[in-house]
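Just so you know, we're using the working numbering here: the sequence shown kicks off at 1 and counts up by one.
Everything on this sheet refers to the single structure shown next.
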Amino acid sequence: MSTAQKLLSVENLTKSYGGIHAVRGVSFALQAGEILALIGPNGAGKSTCFDMLNGQNVPDAGRVMLLGQDTTAKKPRAIWRLGVGRTFQITATFPTMTARENVQVALISHAGKLFNLWTSTSDFAQAEAGRLLDLVGMGADAERPCGELAYGDLKRLELAVALANQPKLLLMDEPTAGMAPRERIELMRLTADIARERSIGVLFTEHDMDVVFEHADRILVLNRGSLIAEGTPDEVRANRDVRAIYLGEGLLYDARHREGASP
Ligand code: ATP
Numbered sequence: 001m002s003t004a005q006k007l008l009s010v011e012n013l014t015k016s017y018g019g020i021h022a023v024r025g026v027s028f029a030l031q032a033g034e035i036l037a038l039i040g041p042n043g044a045g046k047s048t049c050f051d052m053l054n055g056q057n058v059p060d061a062g063r064v065m066l067l068g069q070d071t072t073a074k075k076p077r078a079i080w081r082l083g084v085g086r087t088f089q090i091t092a093t094f095p096t097m098t099a100r101e102n103v104q105v106a107l108i109s110h111a112g113k114l115f116n117l118w119t120s121t122s123d124f125a126q127a128e129a130g131r132l133l134d135l136v137g138m139g140a141d142a143e144r145p146c147g148e149l150a151y152g153d154l155k156r157l158e159l160a161v162a163l164a165n166q167p168k169l170l171l172m173d174e175p176t177a178g179m180a181p182r183e184r185i186e187l188m189r190l191t192a193d194i195a196r197e198r199s200i201g202v203l204f205t206e207h208d209m210d211v212v213f214e215h216a217d218r219i220l221v222l223n224r225g226s227l228i229a230e231g232t233p234d235e236v237r238a239n240r241d242v243r244a245i246y247l248g249e250g251l252l253y254d255a256r257h258r259e260g261a262s263p
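Here it is as structure tokens:
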């Protein structure tokens, strides 16, 4: 992979808390349109790693390059401006506003017009908000207040809000947390389809191995702060170190079990 094709490039990312090596010497790259999962047992360093990419945490050492720019230790807003969208474990929409208005706020913010909100820009991006809601299957709910929406719908709305920033990279921290199993697979399928179609790179952390092995193009496995494996779902599934960590916990998804499982 040449440097020009890399959307995100992480070199030797390192962070300690006192004697705890939360993240040690982690390096990886992500291409446009690629869906990359970051997995690992509890305390492996996933959140610390993620927060150093989105500017919420400053690494002790290492470098983060986004679209050829050094973004190490840049503030979250500066990183967002470069085209990094985020979704969170806990949904972050405005409950009294409609679904459409929530997307409009994101579009206006992206356009740098937030301070004129609802005055000169009240009609701003109405049509574009509608298009984004259609894209995530929420067109019929456009005029409903978010406070009335089901949890799964809020997650799809969040995706539309993240897309309003026209991201080149989406960072998704446990995007399917709190959802029913079927909804999880559907949300990630929707995300992956949109990302591939728009050449958006996606990095996501996830505890649900069904979601990970079904949708990731590649998987990074962290354990005790270090990257212990990296590869396609098949490569990672066959990796002995990974199996040792996950099989012991009964978590490693195996497609054969699923195919052979009785309903
Ligand atoms: P989980 O899946 O449980 O969310 P994780 O893989 O995201 O875990 P991190 O939250 O990144 O793991 O934590 C990695 C290690 O760093 C853990 O040992 C954790 O206790 C430690 N750690 C994380 N943040 C801090 C902090 N602010 N102060 C001290 N130790 C921390």
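The beta carbon of each residue, even a glycine, is placed where N, CA and C say it ideally should be.
{"Query": "Residues surrounding the ligand ATP [beta-carbon distance to nearest heavy atom under 6 Å]", "Result": "17, 20, 22, 40, 42, 43, 44, 45, 46, 47, 48"}
{"Query": "Spatial distance of residue 148 from residue 181 (CA atoms)", "Result": "22 Å"}
{"Query": "Same chain, Cβ closer than 6 Å to residue 87, five either side skipped, listed in chain order", "Result": "158, 162, 172, 175"}
{"Query": "Three-state class that DSSP yields for residue 181 in the structure shown", "Result": "helix"}
{"Query": "Identity of the residues DSSP links to residue 86 by a beta bridge", "Result": "171"}
{"Query": "Uninterrupted alpha helix (DSSP H) stretches inside the stretch 46 to 86 (no shorter than 4 residues)", "Result": "46 to 53, 76 to 81"}
{"Query": "Under 7 Å between C-beta atoms of residue 138 and residue 99", "Result": "yes"}
{"Query": "Bridge partner(s) assigned by DSSP for residue 110", "Result": "Partner(s): none; residue 110 has no beta bridge."}
{"Query": "From 22, 10, 35, residue whose alpha carbon lies closest to that of residue 233", "Result": "35"}
{"Query": "Buried/exposed call for residue 213, threshold 16 Cβ in 10 Å", "Result": "buried"}
{"Query": "Coarse secondary structure for residue 187, derived from DSSP in three states", "Result": "helix"}
{"Query": "Span of the beta strand (DSSP E), counted from its first residue to its last, around residue 166", "Result": "Residue 166 -> no beta strand (DSSP E), and no H or E assigned at all."}
{"Query": "N-terminal and C-terminal residue of the beta strand (DSSP E) that residue 202 is part of", "Result": "201 to 205"}
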